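In what follows, a structure is listed as structure tokens, so that the remarks can point back to it.
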Amino acid sequence: STPAPQRVLIPADLAEIIKKEVVGQEEAIDHMAETILSRVEMRSHAKAGVISKPIFVGLLVGATGAGKTETAKALAKALNVELLRFDMNQYSDPNAVSALIGPPPGYIGSDKGGKLTQGIKIQGAGVILFDEIEKAHPDFMAVLMTLMDEGRITDNSFGEAVDATQFIILATSNAEFEKVLEVTKTVADPVAREARLKDVLSRVWK
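Under our numbering, the residues of the sequence shown are numbered 13 to 218, in order.
Written out as structure tokens, the structure is:
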């Protein structure tokens, strides 16, 4: 039988801990921390075996130097876990995607499995960061959707599904950051702002 995944411990003062490392992103950090804590609280009341998604999935959008990657690093530090970080401009080729989820048996590297899948299996819980996600090959987006929707992903080398339900998944992007900044400055209503931001970002991820 598959052992139950280890649990990541979320401190109640998560936002304040992250703010010690990242300056100038208070609103975004507060929103992220509140949502993570809320998800953890809801999951604590769920029956065993029914949790089927990662703890939290977030997209951090902004200009270079805005603190996106540092926020992910600070989050991992606050949770006392290793950060599984992937620079997605290294995975723009379709063949490179297999390095993340494992090449099929018989291919070079199949004895080691995928960097993403085996990282999830070994670490068990924590934070995954996909830096500059817009540069990833479209094939990877299908992999990411499965990871977000089902909380698990199959290693092609070994044919085994690894459990990511105890992970927080973050992606960063510079795409459309000027339009994103304009929306955040000009649209005060949170619901309308979220709708506008989704519209802007949908032009990047169709």
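Every residue gets a Cβ at the ideal spot worked out from N, C-alpha and C, and that includes glycine. All values derive from a computational prediction rather than experimental measurement.
Cβ-based burial, residue i [other Cβ within 10 Å; buried from 16]
i: N168; result: buried
i: L87; result: buried
i: M44; result: buried
i: V174; result: buried
i: S185; result: buried
i: G138; result: buried
i: S56; result: exposed
i: V203; result: exposed
Same chain, Cβ closer than 6 Å to residue i, five either side skipped, listed in chain order
i: N101; result: E144 and K147
i: P116; result: N168
i: A183; result: L71, F142 and I145
Per-residue DSSP class, three states only, for residue i
i: S185; result: strand
i: L95; result: strand
i: F152; result: helix
i: D161; result: helix
i: G126; result: coil
i: E172; result: strand
Residue i and residue j closer than 8 Å at C-beta
i: I134; j: I181; result: no
i: I30; j: L91; result: no
i: V34; j: G79; result: yes
i: A27; j: I41; result: yes
i: G121; j: F170; result: no
Cβ-based neighbour list, residue i, same chain, cut-off 8 Å, excluding 5 preceding and 5 following
i: S13; result: Residue confidence is low: S13 scores 36 on pLDDT, short of 50, so the model does not pin down where it sits. Its coordinate-derived value is still stated next. Cβ neighbours of S13 beyond the five flanking positions: none.
i: L112; result: F98, Y103, G126, K127, L128, T129, F152 and V155
Cβ neighbours of residue i in the same chain (closer than 7 Å, five flanking residues each side left out)
i: A176; result: P66, I132, L159, G163, R164 and I165
i: V52; result: I22 and I67
Residue i - partner residues in DSSP beta bridges
i: G230; result: There is no way to answer for residue 230, as the model of the chain reaches only from 13 to 218.
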